[in-house]
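Asker: Sharing a structure below in structure tokens format, with a few things to ask.
Protein chains: 2
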Amino acid sequence: MAELKNRQWLLAARPQGMIKESDFRWNEAAVPALKDGQILLRNRAFSFDPTQRGWMSMDTYIPAIPLGHVMLAMAVGEVVESKRPDYAKGDLVQGLFGWEDYTLTDGRGLFGMQKLPPGTDPLLALSLLGVTGLTAYFGTLAVGQVKEGDTFVVSGAAGATGSVAGMIAKIKGCRVIGIAGGRAKCEWLTAQAGFDAAIDYKHEDVGEALKRHCPKGIDVYFDNVGGEILDLVLARLADGARVVLCGAISQYNQAGMLGTGPKNYFNLILHRSRMEGFLVFQFAQRYPEAIADLVKWFSAGQIKNQIDLAKGLEHAPKTIIRLFTGANFGKQLLELK
Amino acid sequence: MAELKNRQWLLAARPQGMIKESDFRWNEAAVPALKDGQILLRNRAFSFDPTQRGWMSMDTYIPAIPLGHVMLAMAVGEVVESKRPDYAKGDLVQGLFGWEDYTLTDGRGLFGMQKLPPGTDPLLALSLLGVTGLTAYFGTLAVGQVKEGDTFVVSGAAGATGSVAGMIAKIKGCRVIGIAGGRAKCEWLTAQAGFDAAIDYKHEDVGEALKRHCPKGIDVYFDNVGGEILDLVLARLADGARVVLCGAISQYNQAGMLGTGPKNYFNLILHRSRMEGFLVFQFAQRYPEAIADLVKWFSAGQIKNQIDLAKGLEHAPKTIIRLFTGANFGKQLLELK
Numbered sequence: 529m530a531e532l533k534n535r536q537w538l539l540a541a542r543p544q545g546m547i548k549e550s551d552f553r554w555n556e557a558a559v560p561a562l563k564d565g566q567i568l569l570r571n572r573a574f575s576f577d578p579t580q581r582g583w584m585s586m587d588t589y590i591p592a593i594p595l596g597h598v599m600l601a602m603a604v605g606e607v608v609e610s611k612r613p614d615y616a617k618g619d620l621v622q623g624l625f626g627w628e629d630y631t632l633t634d635g636r637g638l639f640g641m642q643k644l645p646p647g648t649d650p651l652l653a654l655s656l657l658g659v660t661g662l663t664a665y666f667g668t669l670a671v672g673q674v675k676e677g678d679t680f681v682v683s684g685a686a687g688a689t690g691s692v693a694g695m696i697a698k699i700k701g702c703r704v705i706g707i708a709g710g711r712a713k714c715e716w717l718t719a720q721a722g723f724d725a726a727i728d729y730k731h732e733d734v735g736e737a738l739k740r741h742c743p744k745g746i747d748v749y750f751d752n753v754g755g756e757i758l759d760l761v762l763a764r765l766a767d768g769a770r771v772v773l774c775g776a777i778s779q780y781n782q783a784g785m786l787g788t789g790p791k792n793y794f795n796l797i798l799h800r801s802r803m804e805g806f807l808v809f810q811f812a813q814r815y816p817e818a819i820a821d822l823v824k825w826f827s828a829g830q831i832k833n834q835i836d837l838a839k840g841l842e843h844a845p846k847t848i849i850r851l852f853t854g855a856n857f858g859k860q861l862l863e864l865k
Numbered sequence: 529m530a531e532l533k534n535r536q537w538l539l540a541a542r543p544q545g546m547i548k549e550s551d552f553r554w555n556e557a558a559v560p561a562l563k564d565g566q567i568l569l570r571n572r573a574f575s576f577d578p579t580q581r582g583w584m585s586m587d588t589y590i591p592a593i594p595l596g597h598v599m600l601a602m603a604v605g606e607v608v609e610s611k612r613p614d615y616a617k618g619d620l621v622q623g624l625f626g627w628e629d630y631t632l633t634d635g636r637g638l639f640g641m642q643k644l645p646p647g648t649d650p651l652l653a654l655s656l657l658g659v660t661g662l663t664a665y666f667g668t669l670a671v672g673q674v675k676e677g678d679t680f681v682v683s684g685a686a687g688a689t690g691s692v693a694g695m696i697a698k699i700k701g702c703r704v705i706g707i708a709g710g711r712a713k714c715e716w717l718t719a720q721a722g723f724d725a726a727i728d729y730k731h732e733d734v735g736e737a738l739k740r741h742c743p744k745g746i747d748v749y750f751d752n753v754g755g756e757i758l759d760l761v762l763a764r765l766a767d768g769a770r771v772v773l774c775g776a777i778s779q780y781n782q783a784g785m786l787g788t789g790p791k792n793y794f795n796l797i798l799h800r801s802r803m804e805g806f807l808v809f810q811f812a813q814r815y816p817e818a819i820a821d822l823v824k825w826f827s828a829g830q831i832k833n834q835i836d837l838a839k840g841l842e843h844a845p846k847t848i849i850r851l852f853t854g855a856n857f858g859k860q861l862l863e864l865k
């Protein structure tokens, strides 16, 4: 094979406060030769996820990305060359790849590598049927234990995971209230996504609105944002409530990673409630069941898959910043040209 | 019956910061006449519990004690007069009574009223076999879900609930580390209560000591104190950890009730762990099973019942303050003369 040029974004600096474009460095390099057991992928699309902020900063559930290493991302690529008997040219593969044209991988690591059925839409694979949808699924059902009649509140509700979490709770018979930033997002939640109510945290008093929309308290809170909103929810828990900790995007860019803890956590005692964190990988054995449900609901029109699509590798740094300014509307993806 | 004089302590002020003796007011009154359905008790002993700080301050799981009302306490009394067919003179009764010689009650309310088997030691009933021991039992087993081989950490470890929680975890095959204030308490934990290790928070670097004693992380944390120690534990969770929220005594006397939230709560996500509050009443249906176990373990010498005993109604205000200065060693009780 002729030598391929690989354009890529390397991690140039650990982010201080908000992620900046200068935290990444553009690079062009030759693609190294394949070894046995490896495949070479042409990346087709990248997923953008708040958890990437953690990978850039420090050891989390995976080691911190080394400085000078290609920026990592969940991605779908197409096999262009294979030294593995189980992967052939043209196969679509999902896994933890990088911000580059070509990725050489053996598929090891926490995320593994999954071959997609032929004809799969890479954008659907990276959103509803990927980590995003699976996180919403297990967070709502396995951790949140939603049941019919529950009052379900989700923050980051117009985001990729939050919107799917709310729609799943709705399918399960909950009253669903979403918290999102801005009138357009809130209108989408009630008019399109089927939420019972939406709270615009940029223009409303969230504590007051929660009181109005949740007169009997909150049974399940799916938290994507942390910070002040988490505290306001803790102040309105119903007895036996479940707080599902999915993320804390309001806090990721604070100095020292986390600014403040939830002052009202003591309400967990008074309302005999729990707050539980999870990582989607712990449910890996149940992915097939989840994907089957998600496909069924998507096909029946019960779940909408809202995608915010950027295009072109060169725009990757700008695109990740959208997550943290709240500019994205639905799942943020980037398609390579 | 001749008119009885009732000496009592009334709630005079909502506590600001640390409870003060002046938050209570001494009163002497005649005992009112009994109505049908009521019994009159001569109080024999009072329990002192951190949760009383909440009752004095605000509505919690019971309404705030009204100013001018007798101070409430879990207590054991002996029936001196009864207008109920199911209670007779001489019966020993446990319930939510008050800091007074005589309590007139119909036994209603969240705590109900339980007749004790004849010959029961009121001090044992108010400690190991009362709310204290039951809280330790359900917190450790039902909420903490301890299993053999777990590393179990408890704060307030020389306190009434904490010490019993640790001894139960030990019976279940955990490695048990207690956090307590002062060398004498720590020595008691390892030499008498059978703990594997004790950390003296007054003289040791707790974070460093946790690292040394819990090299594989903490599986279950039974939290009685909140505050900084909770944060240090959250920084050392094992995957799948359970944080049992029993109390937050370090915070009860802070301005505004609660000073700070646990900054490291985000580790609940990274270690897919949960933090769960509970109130012992939610397990009321399982009390008989718990009491049977506790009696069995106590009789076998596997659980020691450490009591810190004050005497005389007039010392009740001084005695409750001991809880919050950490002066008590084991379950704080007061026996009426």
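Chains A and B supply the protein sequences, listed in that same order.
In my numbering, each residue's number is its place in the first sequence (first place is 1) plus 528.
In my numbering, each residue's number is its place in the second sequence (first place is 1) plus 528.
Every residue, glycine too, gets a C-beta built ideally from N, C-alpha and C.
(1) Which residue marks the beginning of the beta strand (DSSP E) containing G768(B), and which one marks its end?
(2) What residues in its chain sit with their C-beta under 6 Å from that of G775(A), if we drop five residues either side in the sequence?
(3) Check whether the Cβ atoms of C742(B) and D728(B) lie closer than 8 Å to each other.
(4) Taking C-alpha atoms, which residue in A573(A), G605(A), F639(A) lies nearest to Q813(A)?
(5) By Cβ distance below 6 Å, which residues in the same chain neighbour V772(B) in space, the five residues on each side in sequence not counted?
(6) Measuring alpha carbon to alpha carbon, tell me which of A616(B), G626(B), S585(B) ends up nearest A601(B).
(7) So what does DSSP say about Y589(A), is it helix, strand or coil?
(8) Please report whether the beta-carbon of M618(A) lies at a distance below 8 Å from any beta-carbon of chain B.
(9) Please classify R581(B) as buried or exposed, where buried requires at least 16 other C-beta atoms within 10 Å of its C-beta.
(10) How about L638(B): is its C-beta nearer than 8 Å to some C-beta of chain A?
(11) At a cut of 8 Å, does the region 819-827 of chain A reach the region 608-624 of chain B through at least three beta carbon pairs?
(12) Just the chain B side, please: which residues come within less than 9 Å of L798(A) by C-beta, in chain order?
(13) Let me know if A820(A) comes out buried or exposed under the rule of 16 or more other beta-carbons within 10 Å of its beta-carbon.
(14) Could you tell me which residues DSSP pairs with V704(B) in its beta bridges?
(15) Cβ of E609(B) within 8 Å of Cβ of R535(B)?
(16) Under the three-state reduction of DSSP, which class applies to N795(A): helix, strand or coil?
(17) Is the Cβ of Y665(A) closer than 8 Å to any Cβ of chain B?
(18) Can you list the residues of chain A that Y815(B) reaches, using a CB-CB cut of under 8 Å?
(19) Within the continuous beta strand (DSSP E) that includes S575(A), where are the two ends?
(20) Under the rule that 16 or more other beta-carbon atoms within 10 Å means buried, what is L538(A), buried or exposed?
(21) Using a Cβ-Cβ distance under 8 Å, would P845(B) count as near chain A?
(22) What residues in its chain sit with their C-beta under 6 Å from that of A592(B), if we drop five residues either side in the sequence?
(23) Can you check DSSP and say which residues form a bridge with E628(A)?
(24) Residues in the same chain with beta-carbon distance under 6 Å from G784(B), minus the five sequence neighbours each way, listed in chain order, please.
(25) Suppose you measure from the CA of G854(B) to the CA of G661(B); what does that come to, to the nearest Å?
(26) Terminal residues of the continuous alpha helix (DSSP H) containing Y815(A)?
(27) If you measure beta-carbon to beta-carbon, which residues of the region 666-696 of chain B are closer than 7 Å to chain A?
(28) Per DSSP, which residues does D751(B) bridge with? Please list them.
(29) Pull up the CB-CB distance for D724(A) and V704(A), whole angstroms please, since I reckon it's below 8 Å.
(30) Go ahead and label R770(B) buried or exposed: buried means 16 or more other beta carbons lie within 10 angstroms of its beta carbon, across all protein chains shown.
(31) If we call anything under 8 Å between Cβ atoms a contact, is L760(B) one with N571(B)?
(32) Does A783(B) have its Cβ less than 8 Å from a Cβ in chain A?
Answerer: In this structure, then:
(1) 765-773
(2) P578, N752
(3) no
(4) F639(A)
(5) G667, V671, G672, F750
(6) Considering only alpha carbons, the answer is G626(B).
(7) coil
(8) The sequence shown places Gly at residue 618(A), not Met. No - not a single Cβ of chain B is within 8 Å of the one on G618(A).
(9) buried
(10) no
(11) By the Cβ criterion, the region 819-827 of chain A is not in contact with the region 608-624 of chain B, since fewer than three pairs of Cβ atoms, one from each stretch, lie closer than 8 Å.
(12) G582, T588, Y589, G805, L807
(13) exposed
(14) F680(B)
(15) no
(16) helix
(17) no
(18) Proximity of chain A to Y815(B) at the Cβ level (cut-off 8 Å) is not reached, the minimal Cβ distance being about 16 Å.
(19) 567-575
(20) buried
(21) Contact of P845(B) with chain A is not assigned, every C-beta pair being separated by 8 Å or more.
(22) The answer, listed in chain order, is M586.
(23) Answer is Q536(A), bridged to E628(A).
(24) Note that G784(B) scores 44 on pLDDT, short of 50, meaning its location in the model is unreliable; the coordinates nonetheless yield the value given after this. So no residue of the chain qualifies.
(25) 19 Å
(26) 815-827
(27) none
(28) L773(B)
(29) 5 Å
(30) By the beta-carbon neighbour count (other beta carbons within 10 angstroms, threshold 16), R770(B) is buried.
(31) Going by C-beta atoms, L760(B) is not nearer than 8 Å to N571(B).
(32) Because the pLDDT of A783(B) is 45, which lies under 50, any placement of that residue in the model is unreliable, and the number read from its coordinates should be weighed accordingly. No, its Cβ sits nowhere closer than 8 Å to a Cβ of chain A.
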